[in-house]
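Input: a single structure, listed below in structure tokens.
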Amino acid sequence: MHMADALLSPTTGIAMWVASGAVLAVASRHVGAREDDRLVPLMGMLGAFVFAAQMINFTIPATGSSGHLCGGLLLAILLGPHAAFVVIASVLTVQALCFADGGLLALGANMFNLGVLPCFVAYPLIYRPLAGAAPSNLRLALAAIVAAMLGLQLGALGVVLQTTLSGISSLPTKTFLILMLPIHLAIGVVEGLATTALLLFLRRTRPDLLGGTAGSPTGAAASIRPLLASLALAALFTGGVLSWFASTQPDGLEWSVAHAAGIEPHAPITPPAPVAWPDVNAGTSLTGVVGGIVTLALVMAVGSALRRRRATTARSTP
Amino acid sequence: MTRLASALDDLRTLDSLASRDTILAHRDPRAKLATTLAFIVTVASFDRYRVGALLPLALYPIALAALGDIPSRLLLRALWLASPFAVLVGIFNPLLDRATMLSLAGVELSAGWVSFTAILLRFALTASAALVLVASTGMQPLCAALTRLGVPRVFTVQLLFLYRYLFVLAGEASRMATARSLRAGDHSRMSPTVYASLLGHLLLRAFERARRVHGAMLARGFDGELRHADSWRWRRSDSLFTAGWGAFFAWVRIVDLPAAIGALLAGAAR
């Protein structure tokens with residue numbers, strides 16, 4: 014599920030941006046260093062495939078509800094983790110820009126939940142060891158389902174942590190986890206089954222596509238350690254810089270950092286003193302509401318005036 | 291039609307809007323990108339209980355949509371399609387956060403409803419700003435701007451390729467799904483085996499198309515880099531645009547305008 018701008022505080026959003034941006038830089042360098050120019054159209058096409066796959070839904074047996082492919086793990090198996098991450102990052106960027114899915118501030122968080130976790134955690138640490146070098150069909154299926162499930166659980170955990178650290182939603186961490194994890198367990202099983210179905214299909218029809226791209230096990234394993242280290246450093250650095258900044262800034266920013274630092278670990282997710290309408294007072298509330306309506310009317314008036322002016326200039330200069 | 295299919299239709303319209311000659315189309319894409327990012331961070335930086343203070347910020351997407359001549363119907367539909375997650379998570383606020391915060395003519399409003407309204411407003415503001423950015427700039431200039439701002443070329447080239455073939459493969463997928471449903475008769479539900487084979491063939495077609503595209507690119511002298519002619523350069527009006535909106539965001543962030551207007555009116559009434 015996509016994290017949304019509306020639920021994210023700038024601190025969390027920017028920290029996730031820096032972390033995912035660091036991974037994107039490393040992954041891009043890695044892909045560039047492969048010097049395989051076939052990869053350019055292939056990556057673009059597979060990204061488009063992930064989009065297109067969402068247009069075909071299948072019915073989950075015995076439930077009647079439908080599911081579709083998300084594609085993170087599949088891309089990692091087909092392209093290797095670095096190229097797969099670049100593809101997923103591009104898919105998420107197009108979704109954020111063109112479909113309002115997620116959002117630009119949440120892009121870093123989404124790249125982390127849906128890109129870094131499946132490509133650099135679920136794929137190398139779960140799928141590869143489970144699948145081994147030359148897996149039987151059953152073992153391949155098992156590895157893909159377990160990796161997809163755990164990858165999506167981690168992603169859901171990421172969404173929950175980012176949401177509660179931001180403190181825009183009132184959902185307590187535990188309740189939110191209880192809501193999100195079972196849903197994503199189901200989504201993970203579906204994702205695993207869909208990934209398996211495609212892998213087995215490719216194995217039957219074009220085994221060369223699987224063999225060539227899923228190869229080079231040493232390369233992938235060796236390059237992940239520096240990547241994780243740089244990721245951790247980047248996150249720590251940003252966290253430090255931002256909390257220093259936040260300590261000089263009042264309101265939501267400070268509050269969410271206090272939460273992130275664990276100052277009030279057991280406090281409910283409500284800030285100590287809301288500042289919008291400091292006291293419940295009918296008089297102040299009324300002026301606030303009237304002021305809000307007048308502001309909105311002004312904004313609308315400026316908007317329609319601009320439109321009208323544009324229409325008249327367009328007519329006068331054909 | 292699925293949600294994605296109609297969203298893709300809207301995207302095609304959105305992107306075609308960017309090629310028109312509007313005032314906004316003349317701004318440097320970097321200026322629009324930077325202003326939009328500043329706008330989103332400003333919106334996100336407000337306290338979760340502030341609704342009124344956020345309202346003046348609506349001027350940015352509304353004014354840009356007007357200047358760029360972007361139909362509001364298109365924007366509203368895209369917002370509607372994208373809203374479920376923020377709404378689903380936000381709707382818990384009124385249930386969990388019941389302290390009274392606002393009372394108006396005897397009606398008391400809980401803090402949860404206030405913060406839920408704020409979430410909806412934040413969603414509408416940030417999402418519409420991103421859509422206006424694309425509709426007034428277009429994907430290709432945006433990718434060029436990202437490259438110039440130092441985003442890895444591998445990534446921006448990937449973005450362009452993805453965007454270019456998005457419509458092709460999505461069209462192929464929806465034709466496959468339509469063909470199946472026309473022939474399926476009673477079996478309107480897609481079984482996993484049919485799904486696997488359908489999607490598998492789509493994947494094979496994607497691979498095959500990538501091979502052909504690569505061949506075509508090599509024939510035109512592709513060396514791993516995409517080149518495009520950018521006519522735009524940073525002008526003084528771009529600096530003015532960025533600085534002007536930046537100052538407006540800072541002003542709105544510091545001064546609660548609706549509260550000030552409300553107080554002014556109350557003073558005048560008295």
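Chains W and Z supply the protein sequences, listed in that same order.
Counted from 1, the first sequence has number 228 at position 215 by the numbering used here; the numbering is strictly sequential.
Counted from 1, the second sequence has number 435 at position 145 by the numbering used here; the numbering is strictly sequential.
C-beta atoms are modelled at their ideal positions from N, C-alpha and C, and glycine is treated no differently.
With a threshold of 7 Å on Cβ separation, who are the neighbours of residue i within its own chain once the five nearest residues in sequence on each side are excluded?
{"i": "V341/Z", "result": "V404, T407, A408 and L411"}
{"i": "A280/W", "result": "Confidence at A280/W is low in this model, with a pLDDT of 39, below 50, so the placement of that residue is unreliable and no value is reported for it."}
{"i": "T532/Z", "result": "A321, A324 and T325"}
{"i": "Y485/Z", "result": "none"}
{"i": "G225/W", "result": "Any answer about G225/W is weak, because its pLDDT of 43 lies below 50 and its placement is not dependable; what the coordinates show is given next. There are no such residues."}
{"i": "M466/Z", "result": "L488 and L492"}
{"i": "R495/Z", "result": "E462"}
{"i": "A559/Z", "result": "none"}
{"i": "L163/W", "result": "A135 and I139"}
{"i": "A144/W", "result": "R152, L153 and A156"}
{"i": "V8/W", "result": "Residue numbering for chain W in the displayed model covers 14 to 331; residue 8/W lies beyond these limits and cannot be assessed."}
{"i": "M29/W", "result": "G121, A122, F125 and Q175"}
So residue i contacts chain W; which residues on that side make the cut at Cβ distance below 8 Å?
{"i": "F445/Z", "result": "L37, S41, V99, A102 and S103"}
{"i": "A295/Z", "result": "M68"}
Output, in chain order, the set of chain W residues within a Cβ distance shorter than 9 Å of residue i.
{"i": "I409/Z", "result": "A17, A19, L20, I181 and S182"}
{"i": "I551/Z", "result": "T300, V303, G304, G305, V307, T308 and L311"}
{"i": "S266/Z", "result": "In this structure chain Z extends from 291 to 560, so residue 266/Z is not present and cannot be described."}
{"i": "G402/Z", "result": "S183"}
So, at 8 Å on beta carbons, what are the nonlocal neighbours of residue i in its own chain, with the 5 sequence-adjacent residues on each side left out?
{"i": "L222/W", "result": "L91 and L215"}
{"i": "P384/Z", "result": "S400, G402, W403 and F406"}
{"i": "A19/W", "result": "G116 and I181"}
Quick one: list the residues of chain Z neighbouring residue i, beta-carbon separation under 8 Å, in chain order.
{"i": "I69/W", "result": "A463, M466, A467, M480, Y485, L488, L489 and L492"}
{"i": "R51/W", "result": "A500, R501 and H504"}
{"i": "C83/W", "result": "Correct list: empty, because the minimum Cβ distance to chain Z is about 13 Å."}
{"i": "M58/W", "result": "F451, Y455, L459, A496, F497, R499, A500 and V503"}
{"i": "P23/W", "result": "V331, A334 and S335"}
So, for residue i: in the same chain, excluding its five sequence neighbours on each side, which residues have a beta-carbon less than 6 Å away from its beta-carbon?
{"i": "S33/W", "result": "G121, M124 and F125"}
{"i": "T186/W", "result": "T177"}
{"i": "R320/W", "result": "none"}
{"i": "G275/W", "result": "Below a pLDDT of 50, predicted positions are generally treated as unreliable, and G275/W, at 45, falls in that range; the measurement from the model is reported next regardless. Nothing meets the Cβ criterion."}
{"i": "G228/W", "result": "With a pLDDT of 38 at G228/W, under the threshold of 50, the modelled position of that residue is not reliable, and the figure given next carries that caveat. Nothing meets the Cβ criterion."}
{"i": "A435/Z", "result": "P319, R320 and L323"}
{"i": "I381/Z", "result": "none"}
{"i": "Y350/Z", "result": "F329"}
{"i": "T332/Z", "result": "F539 and R543"}
{"i": "L314/Z", "result": "L357, G358 and S426"}
{"i": "S103/W", "result": "G60"}
Name, please, each residue of chain Z whose Cβ falls closer than 7 Å to the Cβ of residue i.
{"i": "F214/W", "result": "A486, S487 and G490"}
{"i": "P195/W", "result": "What P195/W touches in chain Z: nothing, since even the nearest Cβ is about 15 Å away."}
{"i": "N186/W", "result": "Per the sequence presented here, residue 186/W reads as Thr, with Asn not at that position. Per Cβ cutoff of 7 Å: no residues; T186/W is ~12 Å from chain Z at best."}
{"i": "G93/W", "result": "By Cβ distance, chain Z contributes nothing, its closest Cβ being about 13 Å from G93/W, past 7 Å."}
{"i": "P54/W", "result": "F451, A500, V503, H504 and M507"}
{"i": "V44/W", "result": "V444"}
Show which residues of chain W have a CB atom less than 7 Å away from the CB atom of residue i.
{"i": "R317/Z", "result": "Result: empty, since nearest Cβ-Cβ is about 15 Å, beyond 7 Å."}
{"i": "G422/Z", "result": "Looking at the sequence provided, one finds Val at residue 422/Z rather than Gly. Near V422/Z there are no residues of chain W at all, since even the closest Cβ is about 11 Å away, more than 7 Å."}
{"i": "F512/Z", "result": "D50"}
{"i": "T532/Z", "result": "What T532/Z touches in chain W: nothing, since even the nearest Cβ is about 16 Å away."}
Which chain Z residues are close to residue i, counting only those with a beta carbon under 9 Å from its beta carbon?
{"i": "F125/W", "result": "Simply none; closest approach about 16 Å."}
{"i": "L143/W", "result": "Within 9 Å Cβ-Cβ: nothing; L143/W doesn't reach chain Z, min ~21 Å."}
Closer than 7 Å to a non-hydrogen atom of the ligand SAM - does that hold for the CB of residue i?
{"i": "L492/Z", "result": "The ligand SAM is not part of this structure, which contains no ligands at all."}
- Query: Which residues, taken in chain order from the region 484-500 of chain Z, show a beta carbon closer than 7 Å to some beta carbon of chain W?
  - Reply: Those residues of the region 484-500 of chain Z placed with their C-beta closer than 7 Å to a C-beta in chain W are Y485, A486, S487, L488, L489, G490, L492, L493, L494, A496, F497, R499 and A500, ordered along the chain.
- Return the residues of the region 329-346 of chain Z that lie within a Cβ-Cβ distance of less than 8 Å from chain W, sorted by chain order. Answer in chain order: I330, V331, V333, A334, S335, F336, D337, R338, Y339, R340, V341, G342, A343, L345 and P346.
- Item | Positions along the region 349-361 of chain Z whose CB lies within less than 8 Å of some CB in chain W | L349, I352, A353, A355, A356, L357 and D359
- Item | beta strand (DSSP E) segments (min. 3 residues) lying fully within the region 329-402 of chain Z | 390-394 and 397-400
- Message: Ignoring anything shorter than 4 residues, give me the alpha helix (DSSP H) runs that lie fully in the region 498-553 of chain Z, in order along the chain.
- Response: 526-544
- Task: Would you check if there are 3 or more beta carbon pairs closer than 8 Å linking the region 85-105 of chain W to the region 125-141 of chain W?
- Result: yes
- Query: So, do the region 422-429 of chain Z and the region 301-320 of chain Z have three or more beta carbon pairs nearer to each other than 8 Å?
  - Reply: yes
- Query: Are at least three pairs of beta-carbons, each pair with one atom in the region 297-317 of chain W and one in the region 342-356 of chain Z, less than 8 Å apart?
  - Reply: yes
- Pairing CB atoms from the region 494-512 of chain Z with CB atoms from the region 53-61 of chain W, are three or more of them under 8 Å? yes
- Kindly provide the ranges of any alpha helix (DSSP H) runs that are 4 or more residues long and lie completely inside the region 415-481 of chain Z, ordered along the chain. Complete alpha helix (DSSP H) runs here, min 4: 429-438 and 443-474.
- Task: With 7 Å as the limit, tell me which residues of the region 157-182 of chain W have their beta carbon closer than that to any beta carbon of chain Z; keep them in chain order.
- Result: So the list reads T176, G180, I181 and S182, given in the order they occur along the chain.
- Using a Cβ-Cβ cut-off of less than 8 Å, give me the residues of the region 108-134 of chain W that come near chain Z, in sequence order. A109, L110, C111, F112, A113, D114, G116, L117 and L118
- Task: May I ask you to verify whether the region 546-560 of chain Z touches the region 342-351 of chain Z, counting CB pairs closer than 8 Å and requiring at least 3?
- Result: yes
- Task: Anything in the region 370-381 of chain Z with a Cβ closer than 8 Å to a Cβ of chain W? List those residues in chain order, please.
- Result: L371, A372, F375, A376, V379 and G380
- State whether the region 441-453 of chain Z contacts the region 415-426 of chain Z, with contact taken as three or more CB pairs (one from each stretch) at a distance under 8 Å. no
- Message: Output needed in chain order: residues of the region 299-318 of chain Z with a Cβ under 9 Å from some Cβ in chain W.
- Response: D300, L301, L304, D305, T312 and I313
- Length at least 4, wholly inside the region 108-154 of chain W: the alpha helix (DSSP H) runs in chain order: 120-124 and 141-144
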